[in-house]
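Numbering (the working numbering), first residue to last: 29 to 242.
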């Protein structure tokens with residue numbers, strides 16, 4: 029897995045998993061997610077408008093629960109392989125999108141729920157982060173140059189087109205604007221979300237807008 033960095037205030041999520049779990053004694057399981065945004069390069073013009081950001085959405089396979097609904101990359105931590113929460117989040121992003129996390133910028137949301145399974149009650153906390161990926165080549169808030177330019181007489185594919193879906197989990201992907209996500213929350217447009225996903229995506233847009241305004 030490609031190495032990543034993280035904002036200093038996220039250090040508790042990079043402690044070893046047993047130590048982290050000890051600070052959350054009320055939970056039996058942990059989930060993780062990573063929101064990936066594409067911010068178009070700011071053209072060298074007199075315009076001061078902020079480029080319109082888009083977020084990566086994955087459509088759940090029809091054979092899975094909540095088939096056809098949209099979400100960001102994410103899943104459950106695996107105590108057998110994930111040494112930290114951040115490492116688990118980076119793994120889930122890679123497995124579900126084919127993109128490599130380069131930096132964890134902030135914590136977007138924490139969700140909690142309980143579910144009864146055959147082996148007993150599972151109490152889950154899910155941590156969703158705002159992330160950057162190596163493939164983008166630029167940082168949020170510093171979108172000055174994009175991939176997709178002419179090189180050697182050929183147009184290079186933009187990094188946003190390089191998403192690789194996990195077979196059996198997702199069937200399609202899209203890059204959605206804030207307005208499109210908002211329409212989905214209002215049951216309009218092509219996107220539908222489960223539980224707090226749509227609301228959390230809008231929180232992610234707020235964070236990106238703040239970073240781009242600095």
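Glycine included, every Cβ here is placed at the ideal spot set by N, Cα and C. Please read these numbers as outputs of a predicted model, since none were measured by experiment.
- In this structure, DSSP gives residue 49 a helical state, which the three-state scheme calls helix.
- Of the candidates 221, 107 and 97, the residue whose Cα lies closest to the Cα of residue 197 is 97.
- For residue 37, the secondary structure class from DSSP, reduced to helix, strand or coil, is helix.
- Between residue 120 and residue 102, the C-beta spacing is below 8 Å.
- If you look at residue 114, you'll find it isn't in any beta strand (DSSP E); it sits in the alpha helix (DSSP H) that goes 113-125.
- Annotated three-state conformation of residue 55 is coil, per DSSP.
- Nearest in C-alpha terms to residue 186, of all of 67, 33 and 90, is 67.
- DSSP, read as helix, strand or coil, puts residue 231 in helix.
- Residue range 206-213 is occupied by the alpha helix (DSSP H) that includes residue 212.
- The beta carbon of residue 57 sits closer than 6 Å to the beta carbons of 150 and 152 from its chain, once the five residues preceding and following it are set aside; these are given in chain order.
- Under DSSP, the beta-bridge partners assigned to residue 88 are 198.
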